[in-house]
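See below for the structure under consideration.
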Amino acid sequence: VVSQNALPVVVDELDWRRPDLDKFANRFDFVVASDVLICEQWATALARVLVGLACPDVFVGTDRGRDGLPHFLAAVRPAFSVRQLPPSDFHPDFLSEDIIVFHLTMPP
Numbered sequence: 023v024v025s026q027n028a029l030p031v032v033v034d035e036l037d038w039r040r041p042d043l044d045k046f047a048n049r050f051d052f053v054v055a056s057d058v059l060i061c062e063q064w065a066t067a068l069a070r071v072l073v074g075l076a077c078p079d080v081f082v083g084t085d086r087g088r089d090g091l092p093h094f095l096a097a098v099r100p101a102f103s104v105r106q107l108p109p110s111d112f113h114p115d116f117l118s119e120d121i122i123v124f125h126l127t128m129p130p
């Protein structure tokens, strides 16, 4: 999609344990994160970064058994509307009972 529309893509490093949010805030249209809720510490750090980025759309995929999942959801709910994508949104080749994806939207 990006190459078909000749959209510029920028890649940069962000350490979510010590983020430079001034550098990254309001720069992204959306964020995609996968397998990042392994433990409480990482999940809450990621939540702080996502809130600080003020990104309107975030997609997070995770194993439903990850220890950080409840901590992440509790941390992002004050700033984002959180919706778990239903199985009907998945392509059948990528559907798994163990994997869940959340769509987080920040109010304008």
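Each position in the sequence shown, counted from 1, maps to that position plus 22 in the numbering used here.
C-beta atoms are modelled at their ideal positions from N, C-alpha and C, and glycine is treated no differently.
Note down, in chain order, each residue of its chain lying with its Cβ closer than 7 Å to the Cβ of residue i, except the 5 sequence neighbours on either side.
i: Gly-74; result: Pro-41, Leu-43 and Ala-47
i: Ala-69; result: Phe-94, Ala-97 and Val-98
Within a Cβ cutoff of 6 Å, which residues of the same chain sit near residue i, ignoring the five residues on either side of it in sequence?
i: Cys-77; result: Phe-50 and Val-53
i: Leu-72; result: Val-80
i: Phe-103; result: Strictly speaking, residue 103 in this sequence is Ser, with Phe absent from that position. Thr-127, listed in sequence order.
i: Glu-35; result: none
Rounded to whole angstroms, what's the CA-CA distance from residue i to residue j? Just pull it up for me.
i: Ile-122; j: Ala-101; result: 20 Å
i: Val-33; j: Lys-45; result: 13 Å
i: Pro-80; j: Asp-115; result: A quick correction: the sequence has Val, not Pro, at residue 80. About 23 Å.
i: Ala-67; j: Val-98; result: 11 Å
i: Glu-62; j: Gln-106; result: 19 Å
i: Pro-129; j: Leu-95; result: 16 Å
i: Asp-85; j: Ser-118; result: 9 Å
i: Gly-83; j: His-93; result: 15 Å
According to DSSP, is residue i helix, strand or coil?
i: His-136; result: Because the chain spans 23 through 130 in this model, residue 136 falls outside it and cannot be assessed.
i: Ala-76; result: coil
i: Asp-85; result: strand
i: Val-58; result: coil
i: Phe-102; result: coil
i: Val-53; result: strand
i: Trp-38; result: coil
In chain order, what residues of the same chain have a beta carbon less than 8 Å from the beta carbon of residue i, not counting five sequence neighbours either side?
i: Gly-87; result: Asp-120
Is residue i close to chain D, meaning its C-beta is less than 9 Å from at least one C-beta of that chain?
i: Gly-74; result: Absence of chain D from the displayed structure is noted, only one protein chain being present.
Report the CB separation of residue i from residue j in whole angstroms; it is logged as a contact under 8 Å.
i: Leu-91; j: Ala-65; result: 7 Å
i: Ile-60; j: Asp-89; result: 7 Å
Legend entry - Cβ pair count under 8 Å reaching 3, the segment 46-63 against the segment 97-111: no
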